[in-house]
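Residue numbers (UniProt numbering), protein chains in the order written: chain A, 1 to 347; chain B, 1 to 263. Reviewing the structure listed below.
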Amino acid sequence: MSLHLEATVADRDVDVSLDIADGEVVAILGPNGAGKSTVLAAIAGVLRPDAGRGVLGDDVLFDIGAGTWQPAYARGTALLAQDPLLFPHLDAVDNVAFGPRSAGRTRAQSRATAMTWLAEVDAAELARRKPSDLSGGQAQRIAVARALAAEPRLLLLDEPMAALDITVVPAMRQVLKRVLAGRSAIIVTHDVLDALLLADRVVVMEGGRIVEEGPTKEVLERPRSTFGAGIAGLNLMRGRSVGTAVCTASGSLVSGLSDESLPEDTDAVAVFSPSAVGVYVEPPAGSPRNVFASTIRELEPRGAQVRVRTDELSADVTLPVVAELDLVPGKQVFLVVKASEVTIYPA
Amino acid sequence: MSLTQQSGVPRWVLVPAALGAAFVVLPLVALVTRVEWGSFFSLITSDSSQAALWLSLRTSAASTLLCVVLGVPMALVLARTTFRGQSLLRSLVLLPLVLPPVVGGIALLYTFGRKGLLGETIDVLGLQIAFSTTAVVIAQTFVALPFMVVSLEGTLRTVGERYEVVAATLGARPTTVLRRVTLPLVLPGLAAGAVLSFARALGEFGATITFAGSLEGVTRTLPLEIYLQRETDPDAAVALSLVLVVVAVLVIGLVRGTRSTAL
C-alpha cells in the first residue's frame, strides 16, 4: 500500500518527506544517528512527531495539525527491529500466531497461519521451540514470520540483519528477498548489499534530512551525497558548476566530463573512482589534470592494493608504490586525477 | 569454610559483618531452645491457637488477593505512564512501609470507623467495619500493598516496554498486550510481590489491634494471640512464634525461587 509521510521530530532534529508506491521496497541508508529509526517509529506510531502527517493508502495514520492519531495497533505497520524480540514465554509458533490472534482469529486458525509463515522462512521444524532455544539467525527468521503473519499493509524493517552473526546474513537476505517481493516495505540498513538486493529505491539520510533518493542502481552509480558516494566506494566533491568543472567551497577546481548540459553556477558534484586517482609526493607538472594537496589519514589494505584515505578523498595504489613513496598517515601528498576520469552532474 | 575474595573487601569488615549475622540468627536460636517440644503439638492445636491460625491464614489470603487486584494496576500506572505529581504519589503509596503500623491503625479508624470519614456512608449501606474480620483484612492490606507495588514496579521497569511495543505493532490492543505480553513477562515479580504481601499481612499486629481489636475467632490473628498468650502461657506463645518463623523461612525460600527464575 502506498505511503505518504511528512514528519518533523524536533528533539531529534529530524524533518523528512517520503513517498512509497504500492508494492515498492525502499531502503533508507545513512550513518548512525541520521534519524532513520525515528522515521520508522513515526510511521509505526511508536513515536509522536511534532508536526506532519502520514497517509497509508486512503487511511490517515496521523495528522498532527488536525489532531488525528491512530494508535500503533490500528496502523497495520509491523515493525521488525535488530533484536528479534520474540516473546520469551511463547514458543515459535505462538509467537508467529500472535498477530492473527490479536486480529480476532481463533487459536486453531492462527496456528495454521503461523505454520504457513514458519514454512515460508524455512523454520517449520522450529515451531515448538522456545526463543531461549533458538540461535540469533533462527530467532530473526521467526520474527520475520511473526511480522508477516500480522498481514501488515506496510512492513518496517529496522536494520534486521545488524545483530546477526555474519555467517547467517546471506541466508537471511535470501529469506527477505523472497518475502518482500511485491510487498510495500521500508528497510533501514547500513549495508549497501541489502539496498542493492532488496530495494527498488534508495533514500539516503544525513543529519535528520533526506539528502538523496532515487533508484538503487542510479544512486550507487551517480551518488549525489557524501554518504551515497561512500557506500558506492566513490570520491565525491561538491560545489558550483563552472563550465564543465566544479568549484568547491574550499576553492579547488575539479575538471571533468559532463554527459548532460550543466547550467552555469548551479549545485553540482564531481564523482570519480579511487582507482583513477594517482598519488604523488611532489606536485606534478604539466598535463590538464586535477591536483589536490592533502594529508594521509589512514591506509587500508585491499588485496594487492592499498586504499589511501586522505582528509577528503581516497586513492587506490599498489603495495610497491606505498613502499617507494613511503606513504604513512600524516604525510602530505598530492592526489591527481585526469579530467576524463571525472563525471560531473547536477547535485 | 573458605572465602573467595573477588574484590578488595578489607578483612576487618568481616568482624562487624559476622556480629550482624549473629545478631539476627541468635534470637531465633534462643527461641528454638525455649520450645517445649513435648507439648508443642498440643499447644499449637489448642482451640484458641487453631482459631487464630485459621483466621490469620484466611485474612492474609484475602489481603493478598486485594493487594493483587489493587497493586497490579497501581504498579502499571507508576511504571508505564508519566504525569504531574507522579513521584509524590509514589512516595505516598509507599508511606505504609515506613509508617508505624499503630499510626496506620488509627488512620484507618478515622476513615472506616463509625465516626470516620467514610463511616456514615458505610453505615448507610448497613455495614459495620471497625472491629470486624473485614477490618483485619483492611489493616493487613494497608500495610502489605506497598510490597506488591514496589516489587512489581521494579520488575515492570526491568522488563521494559520493548516487547509491548512489538505486540502493539503486531495489532494487539492495550488490553491484549497486558494480558498476553506484560503480565506473563512480569509473573515472577508478581509472584514475589504476592508472597511478600502475604508474609507482611500474616505478621501484621499494630494496625490490626488498633483498628480491628482482639476478638477471638473474629479479629484475633496469630500475632495478637501470641502477644496475649505471652502473659498467661509463655510456652504456647513460644510454640506459636516458631510456627510464624517457619512460615517466614518458607516465604523467603519462595521469593528466592521466583526471583531466580525471573528474567
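Backbone N, C-alpha and C fix where the C-beta goes; we use that ideal spot for every residue, glycine too. Here the structure is a predicted model, which is why all the values come from computation and not from measurement.
Straight-line Cα distance separating residue j from residue i
{"i": "A:Ala84", "j": "A:Gln109", "result": "For the sequence presented, residue 84 of chain A should be read as Pro rather than Ala. Going by the C-alpha atoms only, they are around 24 Å apart."}
{"i": "A:Gly98", "j": "A:Glu159", "result": "One detail in the question is off: residue 98 of chain A reads as Phe in this sequence, not Gly. Between A:Phe98 and A:Glu159, the C-alpha separation is close to 22 Å."}
{"i": "A:Val321", "j": "A:Phe272", "result": "21 Å"}
{"i": "B:Leu263", "j": "B:Leu185", "result": "Residue confidence for B:Leu263 is low, a pLDDT of 42 falling below 50, so the modelled location carries little weight; the figure read from the coordinates is stated next. If you take the alpha carbons of B:Leu263 and B:Leu185, they lie about 8 Å apart."}
{"i": "B:Thr208", "j": "B:Gly189", "result": "27 Å"}
{"i": "A:Asn290", "j": "A:Cys247", "result": "12 Å"}
{"i": "A:Arg153", "j": "A:His89", "result": "27 Å"}
{"i": "A:Asp267", "j": "A:Val254", "result": "13 Å"}
{"i": "B:Val72", "j": "B:Ile129", "result": "25 Å"}
{"i": "B:Leu183", "j": "A:Gln138", "result": "26 Å"}
{"i": "B:Gly116", "j": "B:Ala139", "result": "15 Å"}
{"i": "A:Asp15", "j": "A:Thr8", "result": "4 Å"}
{"i": "A:Ala34", "j": "A:Leu79", "result": "19 Å"}
{"i": "B:Thr133", "j": "B:Val177", "result": "37 Å"}
{"i": "A:Leu134", "j": "A:Gln140", "result": "9 Å"}
{"i": "A:Gly182", "j": "A:Glu341", "result": "38 Å"}
{"i": "A:Pro215", "j": "A:Arg146", "result": "29 Å"}
{"i": "A:Glu206", "j": "A:Ser225", "result": "9 Å"}
{"i": "B:Tyr227", "j": "B:Ser39", "result": "19 Å"}
{"i": "residue 264 of chain B", "j": "A:Ala127", "result": "The requested residue 264 of chain B is not part of the displayed model; chain B covers only 1 to 263."}
{"i": "B:Glu204", "j": "B:Ala21", "result": "24 Å"}
{"i": "A:Gln332", "j": "A:Ala270", "result": "23 Å"}
{"i": "B:Leu145", "j": "B:Leu187", "result": "17 Å"}
{"i": "A:Val328", "j": "A:Asp59", "result": "58 Å"}
{"i": "B:Leu244", "j": "B:Leu19", "result": "25 Å"}
{"i": "A:Gln70", "j": "A:Ala185", "result": "19 Å"}
{"i": "B:Thr210", "j": "B:Arg157", "result": "36 Å"}
{"i": "A:Gly6", "j": "A:Ala195", "result": "In the sequence under discussion, the amino acid at residue 6 of chain A is Glu, which differs from the Gly named in the question. Approximately 23 Å, taken between the alpha carbons."}
{"i": "residue 356 of chain A", "j": "A:Ala92", "result": "The displayed coordinates of chain A run from 1 to 347. Any statement about residue 356 of chain A would go beyond what the structure contains."}
{"i": "A:Phe334", "j": "A:Asp50", "result": "48 Å"}
{"i": "B:Leu43", "j": "B:Leu242", "result": "11 Å"}
{"i": "A:Leu18", "j": "A:Leu155", "result": "15 Å"}
{"i": "A:Asp200", "j": "B:Leu65", "result": "57 Å"}
{"i": "A:Val203", "j": "A:Gly278", "result": "32 Å"}
{"i": "A:Thr189", "j": "B:Val247", "result": "56 Å"}
Closer than 9 Å at the beta carbon, the chain B residues around residue i
{"i": "A:Tyr73", "result": "Ala167, Ala168, Thr169, Leu170, Gly171, Ala172, Arg173, Pro174, Thr176, Val177"}
{"i": "residue 384 of chain A", "result": "Any answer about residue 384 of chain A is impossible in this case: the structure gives chain A only from 1 up to 347."}
Cross-chain neighbours of residue i in chain B, by beta carbon under 8 Å
{"i": "A:Val46", "result": "Val165, Ala168, Thr169"}
{"i": "A:Thr310", "result": "What A:Thr310 touches in chain B: nothing, since even the nearest Cβ is about 42 Å away."}
{"i": "A:Leu79", "result": "Val165, Val166, Thr169"}
Chain A residues whose Cβ lies nearer than 7 Å to that of residue i
{"i": "B:Pro184", "result": "His89"}
Chain-ordered neighbours of residue i on chain A, where CB pairs are closer than 8 Å
{"i": "B:Val181", "result": "Phe87"}
Beta-carbon neighbours of residue i, restricted to chain B and to distances below 7 Å
{"i": "A:Ala150", "result": "Leu170, Gly171"}
Worksheet item: Taking Cβ-Cβ distances below 9 Å as the criterion, which residues of the segment 138-162 of chain B are in contact with chain A?
Response: Arg162
Item to complete: Could you tell me whether the segment 117-136 of chain A touches the segment 35-47 of chain A, using the rule of 3 or more Cβ pairs below 8 Å?
Response: no
Worksheet entry | Residues in the segment 154-178 of chain A having any Cβ partner in chain B nearer than 9 Å | Leu156
Discussion item. Check whether the segment 165-172 of chain B and the segment 90-106 of chain B touch, using three or more Cβ-Cβ pairs below 8 Å as the test.
Written reply: no
Discussion item. Give the list of continuous beta strand (DSSP E) stretches no shorter than 3 residues that lie fully inside the segment 200-233 of chain A.
Written reply: 201-206, 209-215
Practice prompt. Output the residue ranges of the beta strand (DSSP E) runs that lie fully inside the segment 119-169 of chain A and measure 3 residues or longer, sorted by chain position.
Written response: 155-158
Worksheet item: Does the segment 135-155 of chain B touch the segment 73-82 of chain B, meaning 3 or more C-beta pairs lie closer than 8 Å?
Response: yes
Worksheet entry | contact_flag[the segment 243-258 of chain B, the segment 191-210 of chain B] where n(CB pairs < 8 Å) is 3 or more | yes
Item to complete: Note down, in chain order, all residues in the segment 97-111 of chain A with a beta-carbon under 7 Å from any beta-carbon belonging to chain B.
Response: Phe98, Gly99, Ser102, Ala103
Fill in: Contact residues within the segment 121-140 of chain A, judged by C-beta distance below 7 Å to chain B
none
Fill in: Every unbroken beta strand (DSSP E) inside the segment 233-268 of chain A [3 residues or more]
235-242, 245-248, 253-255
Worksheet entry | Validate contact between the segment 15-29 of chain B and the segment 297-315 of chain A using beta carbons, cut 8 Å, 3 pairs | no
Fill in: Segment contact, 8 Å Cβ cut-off, at least three pairs: the segment 25-42 of chain B with the segment 232-247 of chain B
yes
Worksheet item: Hey, is the segment 47-64 of chain B in contact with the segment 215-230 of chain B, meaning 3+ C-beta pairs nearer than 8 Å?
Response: yes
Worksheet entry | Cβ pair count under 8 Å reaching 3, the segment 56-74 of chain A against the segment 230-246 of chain A | no
Item to complete: Could you say if the segment 111-119 of chain A and the segment 158-177 of chain A meet the contact criterion of at least three C-beta pairs nearer than 8 Å?
Response: no
Worksheet item: In chain order, which continuous runs of the beta strand (DSSP E) of length 3 or greater are located wholly inside the segment 5-43 of chain A?
Response: 14-20, 25-29
Discussion item. Please give the ranges of any beta strand (DSSP E) in the segment 129-216 of chain B, keeping only runs that are unbroken, at least 3 residues long and fully inside the region.
Written reply: none
Fill in: Inside the UniProt domain "Mop" (285-346) of chain A only - alpha helix (DSSP H) runs reaching at least 4 residues
319-325
Practice prompt. Can you check the segment 46-114 of chain B for any beta strand (DSSP E) of at least 3 residues that lies completely inside it and give the ranges in chain order?
Written response: none
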